[in-house]
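Worksheet for the structure shown next.
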Amino acid sequence: MRIGITCYPTHGGSGVVATELGKLLAERGHEIHFITYDMPFRLGRFHQNIRYHGVEANRYAVFKYPPYDLALASRMAQVAKAHQLDLLHVHYAVPHAIAAVLAKQMIGDQLKVVTTLHGTDITVLGEDPSLRDVICFGIQKSDAVTAVSESLAKQTRDLFCVDRHIERIYNFVDTRVYYPRDVSYLRSKYIDPDEKLLLHISNFRPVKRPEDVIAIFARVQEKIPCRLLLVGEGPEMPKIIERVEELGLTSKVIFLGKQDEVSQLISLADLLLLPSEKESFGLVALEAMACGVPAISSNAGGLPEVIEHGRTGFLSEAGDVEGMAQYAICLLQDDSLYQAFAQAGIERVKTTFSGEQIAAQYEAVYDRVIRNKTGGSHE
Numbered sequence: 001m002r003i004g005i006t007c008y009p010t011h012g013g014s015g016v017v018a019t020e021l022g023k024l025l026a027e028r029g030h031e032i033h034f035i036t037y038d039m040p041f042r043l044g045r046f047h048q049n050i051r052y053h054g055v056e057a058n059r060y061a062v063f064k065y066p067p068y069d070l071a072l073a074s075r076m077a078q079v080a081k082a083h084q085l086d087l088l089h090v091h092y093a094v095p096h097a098i099a100a101v102l103a104k105q106m107i108g109d110q111l112k113v114v115t116t117l118h119g120t121d122i123t124v125l126g127e128d129p130s131l132r133d134v135i136c137f138g139i140q141k142s143d144a145v146t147a148v149s150e151s152l153a154k155q156t157r158d159l160f161c162v163d164r165h166i167e168r169i170y171n172f173v174d175t176r177v178y179y180p181r182d183v184s185y186l187r188s189k190y191i192d193p194d195e196k197l198l199l200h201i202s203n204f205r206p207v208k209r210p211e212d213v214i215a216i217f218a219r220v221q222e223k224i225p226c227r228l229l230l231v232g233e234g235p236e237m238p239k240i241i242e243r244v245e246e247l248g249l250t251s252k253v254i255f256l257g258k259q260d261e262v263s264q265l266i267s268l269a270d271l272l273l274l275p276s277e278k279e280s281f282g283l284v285a286l287e288a289m290a291c292g293v294p295a296i297s298s299n300a301g302g303l304p305e306v307i308e309h310g311r312t313g314f315l316s317e318a319g320d321v322e323g324m325a326q327y328a329i330c331l332l333q334d335d336s337l338y339q340a341f342a343q344a345g346i347e348r349v350k351t352t353f354s355g356e357q358i359a360a361q362y363e364a365v366y367d368r369v370i371r372n373k374t375g376g377s378h379e
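What follows is the structure, given as structure tokens:
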């Protein structure tokens with residue numbers, strides 16, 4: 001198949017998954033065309049069967065803002081026509097689904113549109129009255145719609161009152177990149193031999209509840225020698241730095257800022273802390289599981305679909321820092337329990353979230369829409 005993929009090319013779960021999916025589909029023999037305003041940061045080196053097509057929104061004096069959505073639709077149509085694409089797979093409802101629907105109208109019904117919903121396009125933008133109708137339009141006019149968790153699929157149906165089929169296809173990780181590594185030589189750079197290392201990776205926005213991360217760590221380090229590794233940047237970071245200083249934890253918290261490649265950093269850790277208020281899937285929890293690192297998490301959104309409570313990690317209500325701290329202490333003090341959790345997480349990734357399995361599910365969706373079939377299973 002000849003497939004166009006549009007995503008946000010910068011850091012973020014939707015762009016990561018879309019790029020990794022494109023690379024995997026190219027390995028499986030499909031011709032992949034990325035159509036975005038910049039090279040996806042995970043694309044990197046040359047890949048056979050992959051091409052990149054940039055989108056540039058021209059600035060004219062008559063426009064107050066550059067019309068990116070129109071430029072994207074036009075570029076999608078150009079690429080689809082020039083390379084005879086079978087379908088456009090767009091990640092994120094706005095503006096990507098809307099642009100793809102417009103491109104289809106320009107090209108003809110032979111060009112199909114598959115839209116994957118990742119979370120904030122529904123949970124945040126969907127609550128904006130000025131965008132509700134256009135998001136609903138993009139969903140209804142797509143030939144197929146997928147969501148990265150059952151929780152997100154249900155939330156979409158409830159919020160937009162759509163009765164169309166939304167197929168749940170989970171995110172995945174490339175186990176050739178995310179796997180348990182021997183990084184003892186690196187751990188010695190961050191912690192002493194008798195210490196444990198806790199990890200938090202996010203965009204440090206309020207919805208991620210990074211202050212809860214500090215509160216959990218403060219409780220854990222009172223019982224167990226440990227340090228906290230913080231990866232990422234965001235608007236809450238100044239508050240976090242201030243809170244760390246207030247608690248006298250400056251020497252125990254390591255700030256690494258934004259990092260492109262996190263697989264080795266995850267392998268450094270003993271536990272991942274993910275106390276988010278909202279999380280449509282929780283890709284970082286899946287990446288941690290693949291590396292043999294259990295997660296202590298909230299039970300928000302799609303996280304219970306990723307983390308099996310009491311088997312691959314522990315879940316608590318969002319805001320329950322005391323409960324999360326106790327779960328962390330429980331795991332870190334019991335080596336046999338910890339090893340059981342770590343191994344169960346690795347196995348769960350292989351059986352439920354493998355790249356080959358997820359790619360095959362998307363291929364089935366593509367085949368169905370190209371053949372003008374509808375419906376499908378959530379299995």
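According to UniProt numbering, numbering within the sequence shown proceeds without interruption in unit steps and concludes at 379. Where a beta carbon is used, it is the ideal one built from N, C-alpha and C, also for glycine.
For residue i, which of helix, strand or coil comes out of DSSP?
i	result
Ser377	Here Ser377 scores only 39 on pLDDT, less than 50, and its place in the model should not be relied on; the value that follows carries that caveat. In the structure shown, Ser377 sits in coil (DSSP, three-state: anything other than H, G, I, E or B).
Thr156	helix
Arg51	strand
Thr120	helix
Glu305	helix
Ser149	coil
Thr19	helix
His30	coil
Ser142	coil
Ala318	coil
Val284	helix
Ser202	coil
Relative to the C-alpha of residue i, which candidate in the options has its C-alpha closest?
i	options	result
Asp260	Gly232, Ala285 and Glu246	Gly232
Lys278	Ile241, Ser149, Ala97 and Leu198	Ser149
Ile135	Asn299, Ala218, Val16 and Thr156	Thr156
Tyr366	Phe217, Thr116, Leu265 and Ile50	Thr116
His83	Tyr179, Arg2, Val213 and Glu242	Arg2
Arg209	Gly234, Asp133, Glu222 and Val220	Gly234
Ile166	Ala147, Tyr178, Leu159 and Val177	Ala147
Gln333	Asp194, Val213, Ile241 and Ile370	Asp194
Asn171	Pro129, Met106, Ile139 and Leu24	Leu24
Glu162	Arg168, Ile169 and Lys154	Before going on, a small fix: residue 162 reads as Val here, not Glu. Selected option, being the one with the closest Cα: Lys154.
Pop quiz: residue i and residue j are said to be a contact at Cβ under 8 Å. What is the actual Cβ separation, rounded to whole angstroms?
i	j	result
Val349	Ala269	Contact doesn't hold; Cβ gap of about 16 Å is too wide.
Ala57	Ala73	At roughly 11 Å, the Cβ-Cβ gap does not stay under 8 Å, so Ala57 and Ala73 are not in contact.
Val114	Leu152	With 8 Å as the limit, Val114 and Leu152 do not qualify as a contact, their Cβ atoms being about 16 Å apart.
Ser298	Glu317	7 Å
His33	His53	6 Å
Tyr37	Val17	Not a contact, Cβ separation roughly 18 Å.
Ile216	Met324	5 Å
Glu211	Lys239	7 Å
Tyr60	Pro95	Actually they do not touch by this definition, with Cβ atoms about 18 Å apart.
Ile35	Ala93	At roughly 16 Å, the Cβ-Cβ gap does not stay under 8 Å, so Ile35 and Ala93 are not in contact.
Just mark residue i as buried or exposed, buried being the case when its beta carbon has 16 or more other beta carbons within 10 Å.
i	result
Val62	exposed
Ala360	exposed
His351	According to the sequence displayed, residue 351 carries Thr and not His. Thr351 should be labelled exposed.
Asn372	exposed
Tyr185	exposed
Met39	exposed
Lys64	exposed
Gln221	buried
Gly375	Here the model assigns Gly375 a pLDDT of 45, short of 50, so the residue's position is not dependable, and the following value carries that caveat. It is exposed - the Cβ of Gly375 has fewer than 16 other Cβ atoms within 10 Å.
Lys112	buried
Is the distance from the Cβ of residue i to the Cβ of residue j below 9 Å?
i	j	result
Leu274	Val253	no
residue 410	Ser202	The requested residue 410 does not occur in the structure, where the chain is confined to residues 1 to 379.
Arg42	Glu27	no
Val183	Gln264	yes
Leu199	Arg187	no
Pro180	Ala342	yes
Ala97	Lys141	yes
Gly15	His89	no
Val306	Phe281	yes
Leu271	Leu331	yes
Answer yes or no: the CB of residue i versus the heavy atoms of the ligand NAD, is any distance below 8 Å?
i	result
Arg311	Among the components of this structure there are no ligands whatsoever, and the ligand NAD is therefore not found.
For residue i and chain D, any beta-carbon pair shorter than 9 Å?
i	result
Val134	Here chain D cannot be found, since the structure has a single protein chain.
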